[in-house]
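Peer 1:
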Amino acid sequence: MSVNSDYLSFHNWIKTNGGQIHENVKIDVKEERGLFATDTIESYAALVTVPRSLIVNNQHSDLSIFSTDTERQGLMMFLIREYMKGDASFWFPWIKLLNIDKEADELLKIKMHLFDCVEHSTLGQALTARYQQLQEEYQQLNFSETNFELFCAVDHLVWSRVLDLPESEPLSLVPFIDFANHSLNANARWFLDDETRNLILRSEQILKPDEEITINYGLKSNEELLYLYGFTLSDNPNDRVTLPVSLLPDDVLLADKLRLIQELNLPPRLTLNFNGHLNEQSNRLVKILSAQTHTTIDTENEYYKPKTCLMPAQLLT
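Heads up: the sequence shown at position 117 corresponds to 117 in full-length UniProt numbering, and the numbers run straight through without jumps.
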């Protein structure tokens with residue numbers, strides 16, 4: 001595995017600012033990136049320790065000047081500002097390794113190809129809504145120093161790299177650990193040190209030379225993984241298919257059904273899991289949508305457990 005000057009600068013920057021990196025841990029400098037073991041690493045070893053001062057969130061002093069509606073917007077504004085500073089930025093060794101320019105060049109092509117594939121699905125609807133939201137935010141924030149493509153690229157970087165820290169901690173970007181890729185059988189995990197509040201990445205098993213160091217991004221479906229990170233898993237046990245549904249305007253029970261759906265806080269969509277089964281909320285929604293009498297509507301309650309259900313295709317015909 002080769003290293004280059006950008007990586008070495010980043011590596012030294014982490015250490016200079018109080019971080020620690022296991023001698024056998026490296027970032028792959030190829031296009032796919034990722035963390036790898038260069039030699040055998042024992043289980044439960046501290047792979048990387050990122051000091052509190054390098055954890056980027058809305059509690060960091062470098063984000064205090066931003067007044068934004070969401071944590072995500074604050075992180076975006078921070079990245080754009082530091083990117084525009086170039087090598088004058090304290091965060092330059094990390095920002096440079098993020099390859100924001102390359103992200104901006106490729107993002108539009110990838111987005112349009114992805115949209116063509118999922119245009120008529122709930123993912124297509126989500127992508128359209130997200131693109132419209134980004135256009136509104138770009139105009140609202142009036143960030144004239146950069147173009148819209150770069151603005152979108154930074155949004156993608158935040159979504160794909162942010163960590164949802166526990167307890168009262170905000171959404172955070174964590175240099176170095178943000179290069180770790182996802183695996184259902186992750187061989188490492190991160191946690192906050194109770195005393196120092198530094199973030200530590202620890203091995204969960206013995207790591208072999210050239211083995212990739214991975215973490216688990218959570219129990220996400222392929223739809224979520226594609227939307228947030230740009231990849232899918234061929235055998236994802238958390239996968240599911242989501243189909244939007246709507247009530248017919250001439251349904252005589254329309255008002256009653258809408259009332260019950262609202263009272264039970266049911267989403268207007270059906271979700272099938274990896275095995276093709278509807279989840280509990282979808283089963284209840286099917287029961288309501290297929291009701292033919294007021295009696296059936298009135299007996300629906302939170303303890304209802306359906307024995308059978310209609311498949312989505314039957315509901316939409």
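We treat Cβ as the ideally placed atom computed from N, Cα and C, and that holds for glycine.
These numbers come from a predicted model, not from an experiment.
Would you please state the rounded distance, in angstroms, between the beta carbons of His22 and Val50? I believe it to be under 8 Å.
Peer 2: Counting from one through the sequence shown, the residue named residue 22 turns up at place 22. Counting from one through the sequence shown, the residue named residue 50 turns up at place 50. About 13 Å; that fails the 8 Å criterion.
Peer 1: In chain order, what are the residue ranges of uninterrupted beta strand (DSSP E) at least 3 long that sit wholly in the UniProt domain "SET" (61 to 218)?
Peer 2: The UniProt domain "SET" (61 to 218) contains these whole beta strand (DSSP E) runs: 188 to 192, 199 to 203 and 212 to 215.
Peer 1: Could you work out which residue in Asp178, Cys152 and Pro170 is closest to Arg161 when comparing CA atoms only?
Peer 2: The residue labelled residue 161 in the question sits at position 161 within the sequence shown. The candidate whose alpha carbon is nearest that of Arg161 is Asp178.
Peer 1: Using 10 angstroms around the beta-carbon of Glu195, count the other beta-carbons present and answer buried if the total reaches 16, otherwise exposed.
Peer 2: Working through the sequence shown from its first residue, we reach residue 195 at position 195. By the neighbour-count rule (16 or more Cβ atoms within 10 Å), Glu195 is not buried but exposed.
Peer 1: Can you check which of these residues, Lys15, Lys208 and Asn236, is closest to Asn216 by C-alpha distance?
Peer 2: Reading the sequence shown from its first residue, position 216 is the one you call residue 216. Checking every option, the nearest Cα to that of Asn216 belongs to Asn236.
Peer 1: Is the separation between the beta-carbon of Glu42 and that of Asp62 shorter than 9 Å?
Peer 2: Counting from one through the sequence shown, the residue named residue 42 turns up at place 42. Counting from one through the sequence shown, the residue named residue 62 turns up at place 62. Their beta carbons are not under 9 Å apart, which means Glu42 does not touch Asp62 by this criterion.
Peer 1: Give a yes or no on contact between the region 175 to 194 and the region 32 to 41, applying the rule of three or more CB pairs nearer than 8 Å.
Peer 2: Yes, the region 175 to 194 touches the region 32 to 41.
Peer 1: Which of helix, strand or coil does DSSP assign to Val252?
Peer 2: Locating residue 252 in the sequence shown gives position 252, where the first residue counts as 1. Note: Val252 maps to coil in three-state DSSP.
Peer 1: Let's test the definition: count the other Cβ atoms within 10 Å of the Cβ of Ala88 and tell me whether it reaches 16, buried, or not, exposed.
Peer 2: Locating residue 88 in the sequence shown gives position 88, where the first residue counts as 1. Per the 10 Å Cβ criterion, exposed.
Peer 1: Identify which residue in Leu285, Trp94, Pro244 and Gly86 has its Cα closest to the Cα of Leu8.
Peer 2: Walking along the sequence shown from the start, residue 8 turns up at place 8. That would be Trp94, whose Cα lies nearest to the Cα of Leu8.
Peer 1: Is the CB-CB distance between Leu57 and Pro170 below 9 Å?
Peer 2: Here the question's residue 57 lines up with position 57 in the sequence shown. Here the question's residue 170 lines up with position 170 in the sequence shown. According to the sequence provided, residue 57 is Asn. The question's Leu does not apply to it. Contact: yes.
Peer 1: Report the rounded CA-to-CA distance for Ala291 versus Thr242, giving the unit in angstroms.
Peer 2: Translated into the one-based positions of the sequence shown, residue 291 becomes position 291. Translated into the one-based positions of the sequence shown, residue 242 becomes position 242. Roughly 22 Å between the two C-alpha positions.
Peer 1: Let me make sure I understand the geometry here. Which of Ser282, Asn198 and Gln133 has the alpha-carbon closest to that of Gly19?
Peer 2: Taking the first residue of the sequence shown as position 1, residue 19 is located at position 19. The residue with the shortest Cα to Cα distance from Gly19 is Asn198.
Peer 1: Here's the rule I'm using: 16 or more other beta-carbon atoms within 10 Å means buried, otherwise exposed. How should Thr317 be labelled?
Peer 2: What you label residue 317 is simply residue 317 of the sequence shown in a count that begins at 1. Low local confidence applies: a pLDDT of 37 at Thr317 is under 50, so the model's placement there is unreliable, and no value is given.
Peer 1: Is the beta carbon of Thr40 sitting closer than 9 Å to the one on Lys208?
Peer 2: Taking the sequence shown and counting its residues from 1, the one referred to as residue 40 is at position 40. Taking the sequence shown and counting its residues from 1, the one referred to as residue 208 is at position 208. Yes; because the gap between Cβ atoms is below 9 Å, this pair is in contact.
Peer 1: Throw me the rounded Cβ distance for the Val25 and Ile200 pair, which I believe falls under 8 Å.
Peer 2: As a first step, residue 25 is located in the sequence shown; it is residue number 25 there, counting from the start. As a first step, residue 200 is located in the sequence shown; it is residue number 200 there, counting from the start. Actually they are not in contact, since the Cβ atoms of Val25 and Ile200 sit about 12 Å apart, beyond 8 Å.
Peer 1: Is Lys85 near Phe10, with beta carbons less than 9 Å apart?
Peer 2: Here residue 85 refers to the residue found at position 85 when the sequence shown is read from its first residue. Here residue 10 refers to the residue found at position 10 when the sequence shown is read from its first residue. No.
Peer 1: Which residue's Cα is closest to the Cα of Pro244: Phe148, Val286 and Leu141?
Peer 2: Reading the sequence shown from its first residue, position 244 is the one you call residue 244. Per the Cα distances, Val286.
Peer 1: May I have the straight-line CA-CA distance separating Cys309 from Pro249, to the nearest angstrom?
Peer 2: Position 309 of the sequence shown, counted from the first residue, corresponds to residue 309. Position 249 of the sequence shown, counted from the first residue, corresponds to residue 249. Because the pLDDT at Cys309 is just 41, under 50, the model does not fix this residue reliably, and the point stays unresolved.
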